[in-house]
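> Residue numbers (mature numbering (1 follows the signal peptide of the UniProt record, and there is no 0)): -32 to -1, 1 to 757. For glycine and all other residues, C-beta sits at the position ideal for the given N, C-alpha and C. Bear in mind that the values here come from a model prediction, so they are computed numbers and not experimental data. Quick one: the structure is below, questions incoming.
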């Protein structure tokens, strides 16, 4: 029977892959998941442990996987190709069902060998490698008791690798001195703690002798045993950890040259013990992982900031947790990444594709696969950068050179750049003179035309690596010459005739057909009946031109290039939108959109009757009344709505559930939040329903924070995530305060804006950190309901 540590979690498993409604906490959103989507490889066995080394001496890391729960005693070996992929699985008989596996050179031939801890057969096995990726038949050594973990080191300094073995559920570990041929002397036991689990080796006091540490599940401790260099050890010294530790790893967390200890604990924490360098350790610091039953734990720089981080596999969740290191042995609050895989029991890190970024291979004891998570690339280099035909850079392009210049005649009024990245996963944007929204440019493709003024024009080409944080900016200063004088010495101005648009789009969820291109002048579109007006967002090809818009032959409205026009009212049925561009020399072009507003379906409902006395004259009265009539919102009393009161997370969650018509039970189920007592009784059944349906989730620290208010940015993110809306552009700069919208929220703001759910608060201000009012919530959710029709 499996230990308690592998029993099913008592908590409700929340479907993180669905809406993730409340994961909008700024630290979470600003964190870029460090791994690509997982790739699976079949092993042919049910996995329990994984290790990595170069088995065939080709310079690429290979993998070996053990299996405790398969019907055979096989282990699986896959040779790495050096590009993040692996060859076919080769099975070897380990002579017993292996709980754990490790690598070392046990016979001194310079090749990597494998050692396994065979729990059910009470043995350990060594499979000697030939240096070509093949392994000999297992050499099996009886232990006399079930074994859980093992680690290799030279404990007696004879040049031969030894083993320390942790029996399952025992209060001792065994030290086995190697003979140098893959076999061992009879084991000697060393007393540790109650139910010893994993063991790890290192030199904790820098005396040149190998020491070891073992975590004790029942005691909530780790035992540190300092080696004497002759295969014997000093008496154990115990250090308290979190409850029920089951993995221990070693590394230097604070860059002081001393080895530190980290344990993963069944209680949902990791324990950090900073080493003093003399074999002793500072007081334990426990930190939550944000997941259920953490098991596997790794150290490494997974975020690319040069500091050591912790990566934790949450056995009873479908997540990995990352605790970003600060470089001093402390860590940021854990953030979780959903990998859609539970029962992660172990993993190993390494550079499996040669890009200098740490990758991870993990195994789950409920699967017969191993899973590869390649680290997101941090390559933000350009391979090439070229300008429009006839225009050249002042020096040949080089990835390490960031600044360039060029020059064009006065007759050239626009230019295009073609960036080519080294890594095709990188994203490139181009911007001219720091104005307008940066435009995304496909790898190896020319940008849209960039208008040139007389004088210096600065083109910024920003490359964002796959990790989302590593960026590199290349600049090209293009000088457009002044107009030359005529033969009589008088300058005759030559005015631009460019009356093209570079981009054209509508708000309110209205898409153009066909997709916009500058030389197509007629389009169609349609919107639902509840969309009473749309705005137009035109972007000029030449900044010296001007653009005006109108609807149904009405008055013309001037619009700033790249900005949003005022709302153009729509009739039911056909509407004609005109976008008129006038070039510098007076040349004019018209783009026409034939937009149909759908007719209303069904019987027109009677106007809602409100009993709220505090909304007379309020801008949102009609929407509040309709939302109340539909059951989306309720008053704070029978005659009071409190429209300008701020909304709490609980209130907004319940409004969302009503809008989405999620059925509410009579009794609340088990809530997985650590602060569930703070959820009001009147809301418990609703929140429980949202959790059960996979619609609601808490923060990474396990809290729900029911009474916390919600910002406008957070609301935009919540709605967009629930509806699975995405936005292909980021027009946040059309707001006067667009730059203050958090980066993580910008596409969500765009997604709800173009569908007509959210607009600014006046003076073209979005006010991203403004707290959402009850009136605003009612209006937005009513629009959401109508959008779903």
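Round the Cβ separation of residue 518 and residue 540 to the nearest angstrom and send it over; I've been treating them as touching at under 8 Å.
About 19 Å; that fails the 8 Å criterion.
> Counting along the chain, where does the beta strand (DSSP E) carrying residue 395 start and finish?
395 to 400 is the span of the beta strand (DSSP E), which, as asked, contains residue 395.
> Beta carbon of residue 6, beta carbon of residue 341: below 7 Å?
The answer is yes: Cβ separation under 7 Å.
> DSSP three-state call for residue 504: helix, strand or coil?
Looking at residue 504 - three-state DSSP - the assignment turns out to be strand.
> How is residue 597 classed by DSSP in three states: helix, strand or coil?
Three-state DSSP puts residue 597 in a helix.
> Verify whether the separation of the beta carbon atoms of residue 86 and residue 66 is less than 7 Å.
Result yes, Cβ atoms of residue 86 and residue 66 sit closer than 7 Å.
> Looking at the secondary structure, which residues open and close the beta strand (DSSP E) in which residue 407 lies?
That run of the beta strand (DSSP E) goes 403 to 409.
> Please identify the residue among 217, 293, 607 whose C-alpha is closest to the C-alpha of residue 264.
Out of 217, 293, 607, 217 has the C-alpha closest to the C-alpha of residue 264.
> Under 8 Å Cβ to Cβ from residue 363, same chain only, skipping five residues before and after it: list those, please.
Result list for residue 363: 369, 372, in chain order.
> What's the C-alpha gap between residue 127 and residue 287?
Each residue's Cα considered, the two are about 41 Å apart.
> Quick check: residue 114 and residue 167, are their CB atoms within less than 7 Å of each other?
No, these two residues do not count as a Cβ contact at 7 Å.
> Compare the Cα-Cα distances from residue 338 to each of 26, 328, 247 and report the closest residue.
Checked all of 26, 328, 247; the closest Cα to residue 338 is 328.
> What's the gap between the Cα of residue 175 and the Cα of residue 72?
If you take the alpha carbons of residue 175 and residue 72, they lie about 22 Å apart.
> Please state whether DSSP places residue 657 in a helix, a strand or coil.
Helix at residue 657.
> In angstroms with no decimal places, state the Cα-to-Cα distance between residue 10 and residue 705.
When rounded, the distance between both Cα atoms is 51 Å.
> Residues in its own chain within less than 7 Å of residue 623 by CB, not counting five upstream and five downstream?
Correct list, in chain order: 600, 601, 745, 749.
> Which residues in the same chain have their Cβ closer than 8 Å to the Cβ of residue 443, if we skip the five residues on either side of it in sequence?
If we look at residue 443 and ignore the five residues flanking it on each side, its Cβ neighbours are 370, 371, 372, 426, 427, 428, 429.
> Short of 7 Å in beta carbon distance, which residues of its chain neighbour residue 526, apart from the five on each side in sequence? Order them along the chain.
Once the five neighbours on either side are set aside, the close Cβ partners of residue 526 are 514, 516.
> Could you give the residue range of the alpha helix (DSSP H) that holds residue 683?
It spans 680 to 691 - the alpha helix (DSSP H) in which residue 683 sits, taken as one unbroken run.
> Tell me the DSSP bridge mates of residue 183?
190.
> Closest to residue 534 by CA distance: which of 471, 592, 394, 728 is it?
Of the listed residues, the one whose Cα sits closest to residue 534 is 728.
> With contact counted as at least three CB pairs below 8 Å, one residue from each stretch, are the segment 547 to 563 and the segment 497 to 511 in contact?
Yes, since at least three Cβ pairs between the segment 547 to 563 and the segment 497 to 511 fall closer than 8 Å, the two stretches touch.
> If you reduce the DSSP assignment to three classes, tell me which class residue 557 lands in.
It is a strand residue.
> Decide if residue 756 is buried, meaning its Cβ has at least 16 other Cβ atoms within 10 Å, or exposed.
Looking at its Cβ environment, which holds fewer than 16 other Cβ atoms inside 10 Å, residue 756 is exposed.
> Buried or exposed: residue 487, going by 16 or more other Cβ atoms within 10 Å of its Cβ?
Its Cβ having fewer than 16 others within 10 Å, residue 487 is exposed.
> Check each candidate in 197, 537, 422, 78 and name the one with the smallest Cα separation from residue 381.
Cα-wise, what sits closest to residue 381 is 422.
> What does residue 135 pair with, by DSSP beta-bridge criteria?
Answer is 115.
> Going by the DSSP bridge assignment, what does residue 448 pair with across the sheet?
Paired residues: 376, 423.
> Relative to the C-alpha of residue 393, which residue among 400, 718, 345, 401 is closest?
When each option's Cα is compared against that of residue 393, the closest is 345.
> Use the C-beta contact count for residue 124: other C-beta atoms within 10 angstroms, 16 or more gives buried, fewer gives exposed.
Label assigned to residue 124: buried.
> Can you grab the Cα-Cα spacing for the pair residue 211 / residue 255, in whole Å?
Distance between the alpha carbons of residue 211 and residue 255 is about 12 Å.
> May I ask you to list the residues that DSSP assigns as paired with residue 718?
Partner(s): none; residue 718 has no beta bridge.
> Among all the DSSP beta bridges, which residues are the ones paired with residue 281?
DSSP, once it has assigned bridges, lists 288 as partnering residue 281.
> From this set, 47, 36, 35, 269, which residue's C-alpha is nearest residue 26's C-alpha?
Nearest option by C-alpha distance: 47.
> Who are the near neighbours of residue 670 in its chain, counting only those whose CB is closer than 6 Å to its CB and skipping five residues on each side?
Within the same chain, residue 670 has close Cβ partners 642.
> Which residues share a DSSP beta bridge with residue 230?
Answer is 217, 240.
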